[in-house]
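What follows is a short report on a single structure.
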Amino acid sequence: MKVLFLDTVHPILEQRLTKAGYNCIDGSHLSDEECISLVSDAVGIVIRSRFRMEAKFIDHAQNLKFIARSGAGIENIDEDYCAKRNIELHNAPEGNRNAVGEHALGMLLALFNKLHTADQEVRNGKWDREGNRGVELDGKTVGLIGFGNNGSAFAKKLRGFDVEVLAYDKYKSRFGNELVQEVELETLYQKADIVSFHIPQNEETLYFANDAFFNAFQNPIYLINLARGKVVKTSALVDAMKANKVFGACLDVLEYEKTSFESFFEQNLDPDLSYLLNSKNVILSPHVGGWTHESYFKLSNVLADKILKE
-7 MKVLFLDTVH PILEQRLTKA GYNCIDGSHL SDEECISLVS DAVGIVIRSR FRMEAKFIDH
53 AQNLKFIARS GAGIENIDED YCAKRNIELH NAPEGNRNAV GEHALGMLLA LFNKLHTADQ
113 EVRNGKWDRE GNRGVELDGK TVGLIGFGNN GSAFAKKLRG FDVEVLAYDK YKSRFGNELV
173 QEVELETLYQ KADIVSFHIP QNEETLYFAN DAFFNAFQNP IYLINLARGK VVKTSALVDA
233 MKANKVFGAC LDVLEYEKTS FESFFEQNLD PDLSYLLNSK NVILSPHVGG WTHESYFKLS
293 NVLADKILKE
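Note that the sequence shown covers residues -7 to 302 in my numbering.
So this is what it looks like as structure tokens:
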């Protein structure tokens, strides 16, 4: 039983699959053509983001039983085609949910306390206490859009603060508890001071945060996005910031990301992206919200659990 690894993941996955009798092949350094030749008799494929799992690739693997993605989202996999082929899809949102929750909280506190600008100013010999006066999180209303693994993890991280946490999820109900109040989207529009996205990218969520979205809020908000870049339309965010409808943003993901994250800056910078890069009211990170040393292990371990349950 051959499993082809198209990307580098934590070795615990290979170790556990090998122990269970699978023949694990490292294809992370191979060309597309070489991977196609190796996948012909594979029963499983392990990916991160290097390849799109579409029919033209999957058709080369007639014995394929599963595709495992080391990450939360599966937007780079043709789910409908896999369903037709009876190919099981595995992802691992449980593996990085804690990392995402901590990263979201860290970005928010850094933005509120201007740690990103204060640090650079002090290093450059500027001692500006008034210009770096912070804002407190206590007393704010945090609105979560999506309450799956990552949304619930962020809610858990917020429990040490005196905040009201509201959550809207189109596909879930009766999830309210001591940490969060389940609400409709209209309630978020009326009450939220901070809005955080925790939803996948699909046809329904593409550019969910558009002009109409930002205009619907009763009060100015702070935006957090650790979900997917194309959930937020950058031009709409920039317009909302210029109009003081959005006071600031914490963005771990961006609309302009390519499949290969490392090639992000190998493109002409859009004026809206340039605005974000030069704004002191924006904190950016390179899609690492769920990418810690601990989550690197957990992602692969969770996938091993799911594959070996088959």
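Ideal placement from N, C-alpha and C gives every residue a C-beta, glycine not left out. Nothing here was measured: the structure is a model prediction, and the numbers come from that model.
Considered as a whole, the segment 5 to 67 harbours 24 to 30 and 47 to 50 as its complete alpha helix (DSSP H) runs of no fewer than 4 residues, in chain order.
By a beta-carbon distance limit of 8 angstroms, S32 does not contact H2. Their separation comes to about 26 angstroms. In this chain, the alpha helix (DSSP H) harbouring F205 covers D203 to N207.
Scanning K48, C74, Q54 and L177 for the CA closest to the CA of A60 turns up C74. The beta carbons of V38 and L(-2) sit about 7 angstroms from each other, so the pair counts as a contact at 8 angstroms.
H95 places its beta carbon less than 8 angstroms from that of L218. As DSSP reads the structure, L136 sits in a beta bridge with A159 and S188. The Cβ neighbour count for A47, taken over all protein chains shown within 10 Å, is under 16; the residue is labelled exposed. Counting every other CB atom within 10 Å of its CB across the protein chains shown gives T226 a total of 16 or more, marking it as buried. When DSSP reads this structure, L276 sits in a beta bridge with L243. Cβ contact annotation for F189 (same chain, cutoff 6 angstroms, sequence separation greater than five): I137, N217, A219 and V223, in chain order.
About 16 angstroms separates the CB atoms of N83 and A145; that is not less than 8 angstroms, and the two are not in contact. Annotated as proximal: G140 and P85, with beta-carbon spacing under 8 angstroms. Judged by pairs of C-beta atoms under 8 angstroms, the segment 168 to 182 does not touch the segment 227 to 245, as fewer than three such pairs exist. Remark: fewer than three beta-carbon pairs, one from each stretch, lie closer than 8 angstroms, so the segment 151 to 168 and the segment 199 to 214 are not flagged as touching.
In the pairwise beta carbon analysis, the segment 275 to 286 is classified as touching the segment 96 to 108: at least three pairs are separated by under 8 angstroms. Under the three-state reduction of DSSP output, E71 falls in the helix class. R151 and G143 have their C-alpha atoms roughly 13 angstroms apart.
Here the alpha carbons of Q54 and H279 stand approximately 34 angstroms from one another.
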